[in-house]
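See structure below.
Number of protein chains: 2
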Amino acid sequence: MARLKNDIQNINHIFEASRNVVIKVGFNGLKMADVAKESNLATGTLYLYFKNKEDLINQTYLSTKKNIAEILLFDKNENLSFEQAFKKMWLAYFHFCKQFPAKILFVEQFLYSGFLDEKILEEAENFFEPLNNFLKFGIDNHLLKNIDYTILKAQLTGAIHEIIKINIKQKKELTEKEIDICFEMAWQATKLN
Amino acid sequence: MARLKNDIQNINHIFEASRNVVIKVGFNGLKMADVAKESNLATGTLYLYFKNKEDLINQTYLSTKKNIAEILLFDKNENLSFEQAFKKMWLAYFHFCKQFPAKILFVEQFLYSGFLDEKILEEAENFFEPLNNFLKFGIDNHLLKNIDYTILKAQLTGAIHEIIKINIKQKKELTEKEIDICFEMAWQATKLN
DNA sequence: TTTTTAAGTGAATAAATATTCATTTATTTT
DNA sequence: AAAATAAATGAATATTTATTCACTTAAAAA
Chain C
3 MARLKNDIQN INHIFEASRN VVIKVGFNGL KMADVAKESN LATGTLYLYF
53 KNKEDLINQT YLSTKKNIAE ILLFDKNENL SFEQAFKKMW LAYFHFCKQF
103 PAKILFVEQF LYSGFLDEKI LEEAENFFEP LNNFLKFGID NHLLKNIDYT
153 ILKAQLTGAI HEIIKINIKQ KKELTEKEID ICFEMAWQAT KLN
Chain Z
3 MARLKNDIQN INHIFEASRN VVIKVGFNGL KMADVAKESN LATGTLYLYF
53 KNKEDLINQT YLSTKKNIAE ILLFDKNENL SFEQAFKKMW LAYFHFCKQF
103 PAKILFVEQF LYSGFLDEKI LEEAENFFEP LNNFLKFGID NHLLKNIDYT
153 ILKAQLTGAI HEIIKINIKQ KKELTEKEID ICFEMAWQAT KLN
């Protein structure tokens, strides 16, 4: 079989496998043997890359959070109004969630899975500085409602996640019209009237 | 020890114990021995009331969903405007979530725990007919945005749940002012402009 | 091409935990 | 208050699943 160690491509395959297993059977149903199978590897091989199950799960989390944060890095050189930038970001996040629901569900469920390592959690939070600053800017400049930005952020992401969950459960695609209304809801909720 | 069989009071204690364990260590960390301990019962005793672990968890879910649905049964005889009724319900749900975060977190996490029994899920959905009808009324009468009511419902409850999670994680109480802003966010998001 | 090193395997083992059941304790009936 | 019934117990057992390691296979170096 192909060389794997330090091969980022293949480690990402393991991460993807973990997420796929979680999305199918939940964190409780995550068995090392199943992750191995989904990765086309032997069970023992996983232990060459991860200290144990907890480590595998935490590393998957960290990697996935990084993926998500990258989506939210928007180009400050573009000359957009705050509302335009807000919409651009919202749509980028929305479509990312739609395209990679397993990533979103994994990180959401991880927080309450019982596998969480505080250190990893903190490390992941750092990826989101740019988003935090964007929201702070909006609040300070009276463009967004004046409320703790963690709440604002949670409302925005939480709303999108709920839609994605419905998407998955009901296997029903949202129409353009519906996506537009969803954005309107987010904007009406957060903007300062 | 006291007689327990068919004693609803005590079965509720077991449910509460399950939720407390889940909130502490997640579904993955839920061990029968720990639930028993938290209930002041022997492990074996749990099997007098529940067929197995899966059954215990599903019954806890069903009972908890019922609790939640009861909060949302509002008195139709009161002569409130739609917005007033909406606010009353929102606040009732918000305060319920604040008071019983374990109930909310349990049902949320349950959906992705890997223990879910479709039958039980459906049964629980029936409790929420009144809420569904309320939202449908709002949509049909052009008081709420015209979007699938499951999305509307998810947005409303999801937003509150996110706040509650922050409440727990940061151990920071929301001020009256903040709660008011949160309601405003929900109303601005859902009402038809 | 042979030797050496690195990677991968999966059956065997260890550890964790769900479930059972012989026994004890409490309650109800006579 | 003795006998009969019902409930509760928790150590022993069964089951599940994480982890290890002796061995195989592949890649790199000599």
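Those protein sequence lines, which keep their order, are chains C and Z. Going by the working numbering, the residue at position 33 of the first sequence is 35; the numbering climbs one at a time, nothing skipped. Going by the working numbering, the residue at position 59 of the second sequence is 61; the numbering climbs one at a time, nothing skipped. Cβ atoms here follow ideal geometry from the backbone N, Cα and C, with glycine treated the same way.
Review point. Is Z:Q101 close to chain C, meaning its C-beta is less than 8 Å from at least one C-beta of that chain?
Key: Within the second sequence, the letter at position 99 stands for residue 101 of chain Z. Output row for Z:Q101: interface = no.
Point to revise | Near-chain Z residues of the segment 7-38 of chain C (beta-carbon distance less than 7 Å), N- to C-terminal order | key: V27, G28, F29, N30 and G31
Check your understanding: Can you find at least 3 beta carbon pairs, one from the segment 169-180 of chain C and one from the segment 146-153 of chain C, that sit closer than 8 Å?
Key -> no
Check your understanding: To which residues of the same chain is C:I162 closer than 7 Å at the C-beta, ignoring the five residues directly before and after it?
Key -> Position 160 of the first sequence, counted from the first residue, corresponds to residue 162 of chain C. Excluding positions up to five away in sequence, the list reads Y95, F96 and C99.
Review point. Helix, strand or coil: which one does DSSP assign to Z:K167?
Key: As a first step, residue 167 of chain Z must be located in the second sequence, where it is residue number 165. The answer is helix: DSSP assigns Z:K167 an H, G or I state.
Point to revise | Those runs of the alpha helix (DSSP H) which lie wholly inside the segment 68-125 of chain C and span at least 4 residues | key: 84-101 and 103-112
Review point. If we cut at 8 Å on Cβ distances, does C:R5 have a partner in chain Z?
Key: Sequence index remark: in the first sequence, residue 5 of chain C carries index 3 (1-based). Since pLDDT at C:R5 reaches only 43, below the 50 mark, its modelled position is unreliable, and the value read off the structure follows with that caveat. No - not a single Cβ of chain Z is within 8 Å of the one on C:R5.
Point to revise | Backbone CA spacing between C:G140 and C:A126 [nearest angstrom] | key: Position 138 of the first sequence holds residue 140 of chain C. Position 124 of the first sequence holds residue 126 of chain C. Computed Cα separation, rounded: 23 Å.
Practice item. Determine the DSSP secondary structure at Z:L146, reduced to helix, strand or coil. Key: As a position in the second sequence, residue 146 of chain Z is number 144, starting the count at 1. Of the three classes helix, strand and coil, the one that applies to Z:L146 here is strand, per DSSP.
Check your understanding: CB-CB under 7 Å to Z:F129, same chain, minus the five flanking residues each way: which ones, in chain order?
Key -> Numbered from its first residue, the second sequence carries residue 129 of chain Z at position 127. So the qualifying residues of the chain are K67, K68 and A71.
Review point. Does Z:I181 have its Cβ less than 8 Å from a Cβ in chain C?
Key: The sequence position of residue 181 of chain Z within the second sequence is 179, counting from 1. At a cut-off of 8 Å between beta-carbon atoms, Z:I181 makes no contact with chain C.
Check your understanding: Using 8 Å as the limit for Cβ to Cβ distance, is C:A161 near chain Z?
Key -> Locating residue 161 of chain C in the first sequence gives position 159, counting from the first residue. Yes, because at least one Cβ of chain Z sits closer than 8 Å to the Cβ of C:A161.
**Study point:** chain Z contacts from the segment 98-126 of chain C (Cβ-Cβ distance under 7 Å)
**Key:** The segment 98-126 of chain C vs chain Z, Cβ under 7 Å: L107, Q111, Y114, S115, G116 and F117.
Check your understanding: Name the residues in the segment 123-154 of chain C whose C-beta lies less than 8 Å from a C-beta of chain Z; which are they?
Key -> Those would be K147, N148, I149, D150, T152 and I153, in chain order.
Check your understanding: Does the beta-carbon distance from C:L58 to C:S20 come in below 8 Å?
Key -> Within the first sequence, the letter at position 56 stands for residue 58 of chain C. Within the first sequence, the letter at position 18 stands for residue 20 of chain C. Yes, Cβ-Cβ distance for C:L58 and C:S20 is below 8 Å.
Check your understanding: Does the Cβ of C:M3 have 16 or more other Cβ atoms within 10 Å, making it buried, or fewer, making it exposed?
Key -> As a working note, residue 3 of chain C is residue 1 in the first sequence. Its pLDDT being 41, under 50, C:M3 is placed unreliably in this model, and the value from its coordinates should be taken loosely. C:M3 comes out exposed.
Check your understanding: In its own chain, which residues sit with a C-beta less than 6 Å from the C-beta of Z:F17, not counting the 5 before and 5 after it?
Key -> The residue labelled residue 17 of chain Z in the question sits at position 15 within the second sequence. Here the set comprises T62 and S65.
**Study point:** Proximity below 8 Å, CB of Z:L176 to CB of Z:K155
**Key:** The residue labelled residue 176 of chain Z in the question sits at position 174 within the second sequence. The residue labelled residue 155 of chain Z in the question sits at position 153 within the second sequence. Not in contact: Z:L176 and Z:K155 (Cβ atoms no closer than 8 Å).
Review point. Which of the three DSSP states, helix, strand or coil, is assigned to C:K173?
Key: As a position in the first sequence, residue 173 of chain C is number 171, starting the count at 1. C:K173: coil per DSSP, three-state reduction.
Review point. How would you list, in chain order, the residues of chain C whose beta-carbon sits under 8 Å from the beta-carbon of Z:Q61?
Key: To locate residue 61 of chain Z, count along the second sequence from 1; it is residue 59. Neighbours of Z:Q61 on chain C: none; closest Cβ ~17 Å, over 8 Å.
Point to revise | Rounded straight-line distance, which links the Cα of Z:L75 to that of Z:E178 | key: Indexing the second sequence from 1 puts residue 178 of chain Z at position 176. Indexing the second sequence from 1 puts residue 75 of chain Z at position 73. Spanning the two alpha carbons is a distance of roughly 24 Å.
Point to revise | Pairwise C-alpha distance: Z:P103 and Z:I166 | key: What you label residue 166 of chain Z is simply residue 164 of the second sequence in a count that begins at 1. What you label residue 103 of chain Z is simply residue 101 of the second sequence in a count that begins at 1. CA-to-CA, the gap between Z:I166 and Z:P103 works out to about 7 Å.
Point to revise | Cross-strand partners of Z:K196 (DSSP beta bridge) | key: Missing from the structure shown is residue 196 of chain Z; chain Z here goes from 3 to 195 and no further.
Point to revise | Exposure label - C:E164; buried when at least 16 CB within 10 Å | key: Numbered from its first residue, the first sequence carries residue 164 of chain C at position 162. Classification of C:E164: buried, given that the 10 Å Cβ count is 16 or more.
Practice item. Using 10 angstroms around the beta-carbon of Z:N78, count the other beta-carbons present and answer buried if the total reaches 16, otherwise exposed. Key: Counting from 1 along the second sequence, the entry for residue 78 of chain Z is found at position 76. Just to set this straight, residue 78 of chain Z is Lys in the shown sequence, not Asn. The residue is exposed, with fewer than 16 neighbouring Cβ atoms inside 10 Å.
Review point. Expressed to the nearest angstrom, what Euclidean distance is found between the alpha-carbon atoms of Z:V24 and C:E110?
Key: Sequence index remark: in the second sequence, residue 24 of chain Z carries index 22 (1-based). Sequence index remark: in the first sequence, residue 110 of chain C carries index 108 (1-based). About 16 Å.
Exercise for review: Return the chain-ordered list of same chain residues with a C-beta closer than 7 Å to the C-beta of Z:A38, the five sequence neighbours on each side being excluded.
Suggested key: Along the second sequence, one-based indexing puts residue 38 of chain Z at 36. The residues are A44, T45, T47 and L48.
**Study point:** Residue range of the alpha helix (DSSP H) that includes C:K199
**Key:** Residue coverage of chain C in this structure runs from 3 to 195, which leaves residue 199 of chain C outside it and unanswerable.
Review point. Given that C:T192 touches chain Z, what residues does it touch there, using C-beta distances under 9 Å?
Key: Locating residue 192 of chain C in the first sequence gives position 190, counting from the first residue. Near C:T192 (Cβ distances below 9 Å), the residues of chain Z are M187, Q190 and A191.
Practice item. Below 6 Å CB to CB, which residues in the same chain sit around Z:L133 once its five sequence neighbours on both sides are set aside? Key: Reading the second sequence from its first residue, position 131 is the one you call residue 133 of chain Z. These residues qualify, in order along the chain: L74.
Practice item. Pull up the distance between the alpha-carbon of Z:L158 and that of Z:K55, whole angstroms please. Key: By one-based count along the second sequence, residue 158 of chain Z stands at place 156. By one-based count along the second sequence, residue 55 of chain Z stands at place 53. For Z:L158 and Z:K55, the distance between alpha carbons rounds to 32 Å.
Practice item. Would you grab the beta carbon distance between Z:W122 and Z:N60 for me? Rounded to a whole angstrom, and I think it's under 8 Å. Key: Here the question's residue 122 of chain Z lines up with position 120 in the second sequence. Here the question's residue 60 of chain Z lines up with position 58 in the second sequence. According to the sequence provided, residue 122 of chain Z is Ile. The question's Trp does not apply to it. Correct: roughly 5 Å between the Cβ atoms.
**Study point:** Cβ neighbour criterion (16 or more within 10 Å) applied to Z:E32
**Key:** Sequence index remark: in the second sequence, residue 32 of chain Z carries index 30 (1-based). Sequence check: residue 32 of chain Z is Leu here, not Glu. Z:L32 should be labelled buried.
Check your understanding: Name the residues in the segment 51-83 of chain Z whose C-beta lies less than 9 Å from a C-beta of chain C; which are they?
Key -> Within the segment 51-83 of chain Z, no residue has a Cβ that lies closer than 9 Å to any Cβ of chain C.
Check your understanding: Is the distance from the Cβ of C:N22 to the Cβ of Z:N30 below 8 Å?
Key -> Taking the first residue of the first sequence as position 1, residue 22 of chain C is located at position 20. Taking the first residue of the second sequence as position 1, residue 30 of chain Z is located at position 28. Cβ atoms of C:N22 and Z:N30: not closer than 8 Å.
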